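Chemist: This is the structure, below, for whatever I ask next.
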Amino acid sequence: MFEQLDFFEMTIRAIATFFILLLLTRLMGRKQLSQLTFFNYITGITIGSIAADISAESTTPFFNGLTSLVWWAVLTIVVGYIGLKQAKFRTIVDGQPAIIIKDGNILEEELKKHQLNLDDLTMLLREQNVLSPQDVDYATFEPNGKLAVILKPDKQPATKQDQNIISVQPTYIPTELVSDGHLLQQNLKEAGVTKDWLAKQLKSLDIALKDVFYVELKQDGTLYVDKRNDGLLD
Numbered sequence: 020m021f022e023q024l025d026f027f028e029m030t031i032r033a034i035a036t037f038f039i040l041l042l043l044t045r046l047m048g049r050k051q052l053s054q055l056t057f058f059n060y061i062t063g064i065t066i067g068s069i070a071a072d073i074s075a076e077s078t079t080p081f082f083n084g085l086t087s088l089v090w091w092a093v094l095t096i097v098v099g100y101i102g103l104k105q106a107k108f109r110t111i112v113d114g115q116p117a118i119i120i121k122d123g124n125i126l127e128e129e130l131k132k133h134q135l136n137l138d139d140l141t142m143l144l145r146e147q148n149v150l151s152p153q154d155v156d157y158a159t160f161e162p163n164g165k166l167a168v169i170l171k172p173d174k175q176p177a178t179k180q181d182q183n184i185i186s187v188q189p190t191y192i193p194t195e196l197v198s199d200g201h202l203l204q205q206n207l208k209e210a211g212v213t214k215d216w217l218a219k220q221l222k223s224l225d226i227a228l229k230d231v232f233y234v235e236l237k238q239d240g241t242l243y244v245d246k247r248n249d250g251l252l253d
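FYI, in the numbering used here the residues of the sequence shown are 20 to 253.
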């Protein structure tokens, strides 16, 4: 009799938790599902663990577990929203990219800061089909723990466009200069450009600095610009 009661109770728990978890994942959005950062990864594991505990442990009061599950999801949404509006807060929560190889030279201090050893680095390079740091122009350690690699021009795979073109050293590192409408002073400094320079470049495109949402400095010194509220064409 008790076993039968437990069976129905756990069935109801599992069904209820399933639909609640489905709703919460939809509310939290695709960023949480993709686990772009360590924070997303940890919150995803925790929410899944709480949901499993609710559905599989009869000793856990259902509504107590449900309250914990909902509040954890709410806090995740709130943190994500604040990060969307405040670049500094987003940096605190998610971290920021770090250059760990520059012009084929490994930056030891950056490795120590991010607790990477050479075995870790070479493994990450091999995952990008790079066998030697010497072939790397720049390598950036991303907040999600992955390595973004830009090969030296003479090591990059040839394309049809390259066949009659002599490879040259890139002038700039691809760098975000404006994000969420906020000027990134540290990135400007690292790229060797100024706010006035950026304003002049934008002016030549008939765009005011206050009207941009995102600006990226490309390797050849040109800018990729996304304006505020440009939306999608119908």
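Ideal placement from N, C-alpha and C gives every residue a C-beta, glycine not left out.
All values derive from a computational prediction rather than experimental measurement.
1. Take D28 and list the residues in its own chain whose beta-carbon comes closer than 8 angstroms to its own, dropping the five residues that flank it on each side.
2. In angstroms, rounded to a whole number, what distance separates the CA positions of L196 and Q204?
3. Can you give me the start and stop residues for the alpha helix (DSSP H) that T62 sits inside?
4. Is the beta carbon of L85 closer than 8 angstroms to that of I96?
5. L130 and L140 - do their beta-carbons sit closer together than 8 angstroms?
6. Buried or exposed: D239, going by 16 or more other Cβ atoms within 10 Å of its Cβ?
7. My output table needs one value for S223: the three-state DSSP class, helix, strand or coil.
8. Using a Cβ-Cβ cut-off of 7 angstroms (strictly less than) and excluding sequence neighbours within five positions of T65, which residues of its own chain qualify?
9. In the DSSP assignment, find the beta strand (DSSP E) that holds V234 and state where it starts and stops.
10. Whole angstroms is fine: what's the gap from G211's alpha carbon to G164's?
11. Assuming contact is defined by CB atoms lying nearer than 8 angstroms, are A106 and D199 in contact in what I supplied?
12. Can you grab the Cα-Cα spacing for the pair Y100 / Q134, in whole Å?
13. By a C-beta neighbour count over all protein chains shown, 10 Å radius and 16 as the cutoff for buried, is Y157 buried or exposed?
14. How far does the alpha helix (DSSP H) with K104 in it reach, from first residue to last?
15. Would you say Q147 and V168 are within 8 angstroms of each other, going by their C-beta atoms?
16. Leaving aside the five residues before and after I69 along the sequence, list all residues of the same chain whose C-beta is less than 8 angstroms from its C-beta, in chain order.
17. With a 10 Å radius around its C-beta and 16 neighbouring C-beta atoms as the bar for buried, classify L46 as buried or exposed.
18. By the three-class DSSP mapping on this structure, what secondary structure does L242 have?
19. Looking only at its chain, what residues have a beta carbon closer than 7 angstroms to the beta carbon of A218, apart from the 5 residues adjacent to it on each side?
20. For the beta strand (DSSP E) containing D156, name the first residue and the last one.
Modeler: Short version:
1. Stepping through the sequence shown from its first residue, residue 28 is reached at position 9. The identity of residue 28 in the sequence shown is Glu, whereas the question assumes Asp. Excluding positions up to five away in sequence, the list reads S77.
2. By one-based count along the sequence shown, residue 196 stands at place 177. By one-based count along the sequence shown, residue 204 stands at place 185. Cα to Cα, the separation comes out at about 8 angstroms.
3. What you label residue 62 is simply residue 43 of the sequence shown in a count that begins at 1. 57-75 is the span of the alpha helix (DSSP H), which, as asked, contains T62.
4. In the sequence shown, the residue the question calls residue 96 occupies position 77. In the sequence shown, the residue the question calls residue 85 occupies position 66. The answer is no: Cβ separation not under 8 angstroms.
5. Your numbering for residue 140 matches position 121 in the sequence shown. Your numbering for residue 130 matches position 111 in the sequence shown. Yes, the Cβ-Cβ distance between L140 and L130 is below 8 angstroms.
6. By one-based count along the sequence shown, residue 239 stands at place 220. Exposed, because fewer than 16 other Cβ atoms sit within 10 Å of the Cβ of D239.
7. On the sequence shown, residue 223 is found 204 positions in, with the first residue counted as 1. Note: S223 maps to helix in three-state DSSP.
8. Along the sequence shown, read from residue 1 onward, the residue named residue 65 stands at position 46. Cβ neighbours of T65 beyond the five flanking positions: W91.
9. Here residue 234 refers to the residue found at position 215 when the sequence shown is read from its first residue. Residues 231-236.
10. Numbered from its first residue, the sequence shown carries residue 211 at position 192. Numbered from its first residue, the sequence shown carries residue 164 at position 145. Spanning the two alpha carbons is a distance of roughly 27 angstroms.
11. Counted from its first residue, the sequence shown places residue 106 at position 87. Counted from its first residue, the sequence shown places residue 199 at position 180. It is a contact, given that the beta carbons lie within the stated cut-off.
12. For the purposes of this step, residue 100 is taken as the residue at position 81 of the sequence shown. For the purposes of this step, residue 134 is taken as the residue at position 115 of the sequence shown. Spanning the two alpha carbons is a distance of roughly 29 angstroms.
13. Stepping through the sequence shown from its first residue, residue 157 is reached at position 138. It is buried - the Cβ of Y157 has at least 16 other Cβ atoms within 10 Å.
14. Numbered from its first residue, the sequence shown carries residue 104 at position 85. Element bounds for K104: 81-104.
15. In the sequence shown, the residue the question calls residue 147 occupies position 128. In the sequence shown, the residue the question calls residue 168 occupies position 149. Yes, the pair counts as a contact, with Cβ atoms nearer than the cut-off.
16. The residue given as residue 69 occupies position 50 in the sequence shown. Answer for I69: G84, S87, L88, W91, listed in chain order.
17. Position 27 of the sequence shown, counting from 1, holds the residue named residue 46. By the neighbour-count rule (16 or more Cβ atoms within 10 Å), L46 is not buried but exposed.
18. The residue you call residue 242 lines up with position 223 of the sequence shown. Three-state result, L242: strand.
19. To locate residue 218, count along the sequence shown from 1; it is residue 199. Only L228 meet the Cβ criterion.
20. In the sequence shown, the residue the question calls residue 156 occupies position 137. Per DSSP, the unbroken beta strand (DSSP E) holding D156 starts and ends at 155-160.
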